[in-house]
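There are 4 protein chains.
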Amino acid sequence: MNTRIPIGILGATGTVGQRFVQLLADHPWFEVAALAASERSAGRTYADVCHWIMPGDPPPGVGEMIVRPLEPSLPARIVFSALPAAIAREVEPLFAHAGYVVCSNASAWRYEPNVPLIIPEVNADHLALIERQRAEEDRPGLIVTSPNCTTTGMVIPLKPLDQAFGLQKVFATTLQAISGAGYPGIASLDILGNVVPHVGGEEKKMARETRLLLGRVVEGRRLEADVVVSAHANRVPILDGHTICLSLGFERRPTVEEAIAVLTDFRGPAGVRDLPRAPEHPILVRPEADRPQPRRDCDAEGGMAVTVGRVRECPLLDLRLVTVSHNTLRGAAGGSILNAELLVAKGYVG
Amino acid sequence: MNTRIPIGILGATGTVGQRFVQLLADHPWFEVAALAASERSAGRTYADVCHWIMPGDPPPGVGEMIVRPLEPSLPARIVFSALPAAIAREVEPLFAHAGYVVCSNASAWRYEPNVPLIIPEVNADHLALIERQRAEEDRPGLIVTSPNCTTTGMVIPLKPLDQAFGLQKVFATTLQAISGAGYPGIASLDILGNVVPHVGGEEKKMARETRLLLGRVVEGRRLEADVVVSAHANRVPILDGHTICLSLGFERRPTVEEAIAVLTDFRGPAGVRDLPRAPEHPILVRPEADRPQPRRDCDAEGGMAVTVGRVRECPLLDLRLVTVSHNTLRGAAGGSILNAELLVAKGYVG
Amino acid sequence: MNTRIPIGILGATGTVGQRFVQLLADHPWFEVAALAASERSAGRTYADVCHWIMPGDPPPGVGEMIVRPLEPSLPARIVFSALPAAIAREVEPLFAHAGYVVCSNASAWRYEPNVPLIIPEVNADHLALIERQRAEEDRPGLIVTSPNCTTTGMVIPLKPLDQAFGLQKVFATTLQAISGAGYPGIASLDILGNVVPHVGGEEKKMARETRLLLGRVVEGRRLEADVVVSAHANRVPILDGHTICLSLGFERRPTVEEAIAVLTDFRGPAGVRDLPRAPEHPILVRPEADRPQPRRDCDAEGGMAVTVGRVRECPLLDLRLVTVSHNTLRGAAGGSILNAELLVAKGYVG
Amino acid sequence: MNTRIPIGILGATGTVGQRFVQLLADHPWFEVAALAASERSAGRTYADVCHWIMPGDPPPGVGEMIVRPLEPSLPARIVFSALPAAIAREVEPLFAHAGYVVCSNASAWRYEPNVPLIIPEVNADHLALIERQRAEEDRPGLIVTSPNCTTTGMVIPLKPLDQAFGLQKVFATTLQAISGAGYPGIASLDILGNVVPHVGGEEKKMARETRLLLGRVVEGRRLEADVVVSAHANRVPILDGHTICLSLGFERRPTVEEAIAVLTDFRGPAGVRDLPRAPEHPILVRPEADRPQPRRDCDAEGGMAVTVGRVRECPLLDLRLVTVSHNTLRGAAGGSILNAELLVAKGYVG
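Taken in order, these protein sequences are the chains called A, B, C and D.
This note's numbering puts the last residue of the first sequence at 389; the count rises by one with no breaks.
This note's numbering puts the last residue of the second sequence at 389; the count rises by one with no breaks.
This note's numbering puts the last residue of the third sequence at 389; the count rises by one with no breaks.
This note's numbering puts the last residue of the fourth sequence at 389; the count rises by one with no breaks.
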């Protein structure tokens, strides 16, 4: 126990913060050492200030921890940020400046040229930006970000297809779970028995982040991929799991069989697949006509795999397929934890 | 009362049959004179054999009617068919041959070269095929069909855009209500809190029927429109109302304002807009960022209008927009009734 | 049109306020003349400040009305109050003092000895308290309240049973719709696919208001009925319609047939049944084993009837039965409007 | 592996059968050796004939097993029965006669005087009936049954209260999940956004089984407890977890604190608590005003604990409280597995 790396969670009382708490309960490398939240909560026990919305109770011991303010004096080496973007924009650099390794789930610094936006299986090599970040910002610590929950579930299967066939065009229509909107999030009167064809900012994020994640880092500079994404984002009345319907255009049109083979065989780079939270198969391909389904597939491999199905030809572009992934596991807390594991493995956590 | 046209409903006990019963209760031109269903139900009262799943009760008087067999000896001039496709394939021609005007909601004869597939606001002129049908099939009656529920809600807004800008390409992702699957239809264990990314046959129907509906009838022959449709069909846990996310490509790229103007101004042909069930506005355009929504918009204009929103540019094609329409009103029983009204107005019901 | 009574709505932008707007659109006696809400909204158009959550749009003309502050200078004779309790506590007396007839849906003044709590079919005679109210409070106007939505749907069927058999004991377990919690109300993350076995204050209100409604007014004093109510209140993921499972104990044990007869025959007092919004049958008794159901029965008679079913013996008390009623129609705005109609009919609106 | 007891599952393709398959995947004592189902499925692989509705896939190795007919020639010592009642009535005695230990989840033989109806924590001593069963039926094997899912979640907390205070009267209103109805079970058009106030046969089962489970076995005869149960059963649109609102009357009225203490301290008999699937705490008492909730509490202790909350006084009887338990884990497959473990521990599996 003593040898585990002490961890802090910024924004520990929100939905993503709760996921961090839950997922880190039994982590082999990390130990939750500090919970931090806004002024309002600081100084009180986590059980007192947190409206726990996960099943059951917080893990043993956590409820009694005293919540600390969002100040860079936490007894931790890595901090996970589940802060709202505006607050993250201010707070995360303070922590990086104080020497913390910040693994952020917030959008605040995702698009900064010297801040890596990382999915380990997709672009672990973008960590090369850290050197530039430390130099330019004069910070002993660092900030690494993970993408939007929807982008994550989309880009993981796009990566091997891009490598093999040269991705050019993406049509993406999402059917997103309510847990993606946080708590209290979307009112039940708005979403029960309804579809809301709008998720604020999501369509732009999907386009932008896809270009970043599939881009290359050359001599410390990140070059965006030349992929055009046209997105429709929808909220549907389900609890967890984002579904995305994709039509894809490539430089070289793959057959359905080629595409399935490439997706099935994908394992990500060697350094990644042995990390504690890495799924054995980042992509699972299902053959059934009516899968993937969020309720039945989003928990695959501990919620860290993306399930793909209905791979078929597209009359307009080249391929159609459907993906399902867990928006608060792979798409949020789990993704950031995997990033932290990668940073440890690569020696960035001193 | 005596002067109303006597109507029969084939398949009166199913979900679409029940909608016919409900909608015809107060119809100014039509009077329900006969309910017909399979052998199993024939000879018993409608109240006895029908598991009524609409709100409340069947209209007064209907519950006591004796259900008849599916034989062309009904005291009716027009029959609405809500039969399963395989049964419709056999039964509908018998009725047409016996002189009945058959307005079918089934897919059985939709693709027959001499059977009109009609949405009155879109292609009332395709009724010209009836002459050929009567000649070729030697039937004193006739069969007219209405399209699939999803196609209906998509093609109505596509029509004015096609007229104005020349439609070429359609990406369509649907979020379809459970009532489209009939009763008992989709099991609650499959759809509650879930998305099922598959609706059997729907994607092909959407492509095929769009080409037929937007096509032209020239010298008694139906020429399909040259439109490519790539569809993703999904079932979502909502009761009524199909949502469709569309990306559209045109010969001439419209601005968002031009598109909105064309949609807003659309009224359909002169002969149609005064029919009893015709909506005043076949298309309603909403300006809000988060509309249309099925629960709030699918009942617009008695469930006969299609609501369109989020009209915006598409990075890959020309335009993106979202439509919502009622799948069992405009998309099924209501659409067939409007077809029957058109046939009466055009003099096809002797 | 000119001869209709001008109406004001206090708290016009909330969920109940919106129901008032919707229901009064075509009222034969009343005309919406003023919409009032908190400071924040005053001075702007209703369309601007109101997040309309009903289907479709506000009725024609209403969206353009300028929202006024909650001050007793509205061009109206009757005001409907859909205010939160704390605000109602302050504002409603000001209006009564200024001469307005206040029909309140709020709980603020329900338990005041000189304020009638009224369901017209149940206790129209309690209006006798108004005389005392005017004298004691020295107000030219008056306040009349309507009960909690759950109590309303329970007490209407209890009334004829009490009259016939002498009600003594009530076990009541509710399954309440989310619309009863207002907007934004209960978070979707709390209620989707879940039951919340708690509705703040509801169980006490049900007990207290039942005793008041079934009580008598004798010489200007309201005597509570001697009925013991034990309630369990639950929130379930449905949109509209409260279901209540009841076990009842009486002075004289009725047979199931007697109970059904008494419920079926109930019409309420003579002066009430002809009011514009009064249902023809305040109570509908259904014979099916699986009714009433909120989605299929809560709209009965314009949402103003209570549907009763599963009338059967109780092994512990005398009778078991299930009721369904519409919580925002009969249980809120519709109930208050019926109260206002009663006041007009009885001559209280000068 | 070789030393584990070989198990057969009768009715392996249904919802409860699937739960048995899932739960037995990693069982320390048991190994799935045979899957049996109706003629229709026999001879084909499990993957072929089973529409798997649990998350993910069947456990490794199970999909390839060949489904066998329902004949007592399975390579197993214990068989779990998830058969429909009518089939169970015929098939289970054949297996018992052939020497198998039958742990049945079906209702077919629950009420037979010589067949134990068992919840290990509640009435493990009722296994004494087995001796009589073997003698009277001349069978080398035996049948032991587990109660209805709803009764299970109710009787576990009733047991310690009965022991301490002498239970006499029970009012019970259920809010039951759809998974209790099997597959396809209840149609989505019936339950989505709705409550169905009827679950066939449930209310009688709850009354009868409670009397049996709380009864005593004296000299090989089972004496029913003198408890009167009045039940209202409802289906609500949630996936898993039955909620029950209870009002209870006792010989000696407990205080709320006494009741909570008795519930909290309950562990069941010594021989039971160490069984592999036994929960550490059969009953969990939550202090929050709005718990237990099915989605957040039904999985407690692997779905084997019953969560109790809202313990408070009852104005009519003595106590009110709410229970939540998992209907297909503790209430079905998990309960039968615990029974089998008890039988092994008590030496009934030779």
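All C-beta atoms, glycine included, are put in the ideal place defined by N, C-alpha and C.
Assumed close pair G259/D, R171/D - CB separation to whole angstroms, cut-off 8 angstroms: Separation of the CB atoms of G259/D and R171/D is rounded to 4 angstroms, and the pair is thereby assigned contact status at 8 angstroms.
Distance between G370/C and V279/C (C-alpha atoms, nearest Å): Sequence check: residue 279/C is Asp here, not Val. When rounded, the separation of the alpha-carbon atoms in D279/C and G370/C is 11 angstroms.
Euclidean distance between Cα positions of S286/C and D96/A: If you draw a straight line from the Cα of S286/C to the Cα of D96/A, it is about 35 angstroms long.
Status (buried if at least 16 other CB within 10 Å, exposed otherwise) for Q61/C: With 16 or more Cβ atoms within 10 Å of its Cβ, Q61/C is classed as buried.
Closer than 8 angstroms to chain D by CB, R116/A: no
Contacts of G232/D in chain A (Cβ-Cβ under 8 angstroms): Neighbours of G232/D across chain A, judged by C-beta separation under 8 angstroms: L231, G232.
Burial state of L262/D, where buried means 16 or more other Cβ atoms lie within 10 Å: exposed
Nearest candidate by alpha-carbon position, reference P326/C, set K243/C, V209/C, T303/C, G342/C: T303/C
CB contact flag (A127/D, A115/D, <8 angstroms): no
Span separating the alpha-carbon of E103/C from that of A86/C: Going from the Cα of E103/C to the Cα of A86/C covers about 6 angstroms.
Proximal chain C residues relative to D338/B, where beta-carbon distance stays under 8 angstroms: Here the neighbours are P94, G95.
Rounded C-alpha distance that separates I92/D from T191/A: 26 angstroms
For R291/C and G307/C, the rounded distance between their alpha carbons: Roughly 22 angstroms separates the two Cα atoms.
Straight-line gap, M40/A to P99/A (C-alpha atoms, nearest Å): Residue placement at M40/A is poorly supported in this model, since its pLDDT is 42, which falls under 50; the coordinates are not used for a value here.
Three-state secondary structure (DSSP) of H165/D: Note: H165/D maps to helix in three-state DSSP.
Alpha carbon of L133/B to alpha carbon of L368/B, nearest angstrom: 27 angstroms
Any non-hydrogen atom of the ligand COA closer than 7 angstroms to D201/D Cβ: Inclusion of the ligand COA in the displayed structure is not the case, the ligand content being empty and no account of it being possible.
Three-way DSSP call (helix, strand, coil) for L368/C in this model: helix
Beta carbon proximity, A372/B to chain D, threshold 8 angstroms: no
Beta carbon proximity, A220/A to chain B, threshold 8 angstroms: no
Short CB-CB distance (under 8 angstroms) between G224/C and chain A: yes
Under the three-state DSSP convention, the category P132/A falls into: helix
Three-state class that DSSP yields for L439/A in the structure shown: In the structure displayed, chain A extends from 40 to 389; residue 439/A sits before or after that span and is not available.
Three-state secondary structure assigned by DSSP to S305/C: Rather than Ser, the amino acid found at residue 305/C in this sequence is Phe. The answer is coil: DSSP assigns F305/C none of H, G, I, E or B.
Chain-order list of residues whose beta-carbon lies under 8 angstroms from that of T42/D (same chain, five-residue window excluded): none
Beta-carbon proximity of R187/D to E248/D, cut-off 8 angstroms: First, the amino acid is wrong: residue 187/D is Asn here, not Arg. Yes, these two residues count as a Cβ contact at 8 angstroms.
Minimum Cβ-Cβ distance from I322/B to chain A less than 8 angstroms: no
Neighbour list for N366/D in chain C, Cβ cutoff strictly below 9 angstroms: Correct list: empty, because the minimum Cβ distance to chain C is about 13 angstroms.
Interface partners of R83/B on chain C, CB under 9 angstroms: Result: empty, since nearest Cβ-Cβ is about 17 angstroms, beyond 9 angstroms.
C-beta contact flag for A344/D and L323/D at 8 angstroms: yes
Helix, strand or coil at C284/B according to DSSP, with G and I counted as helix: strand
C-beta atoms of V161/B and V194/B nearer than 8 angstroms: yes
Backbone secondary structure at K385/B - three-state DSSP: coil
P318/C versus V350/B - alpha carbon distance: Put simply, the backbone Cα of P318/C is about 43 angstroms away from that of V350/B.
Short CB-CB distance (under 8 angstroms) between V361/A and chain B: yes
R306/B at chain C interface by Cβ criterion, 8 angstroms: So, not an interface residue.
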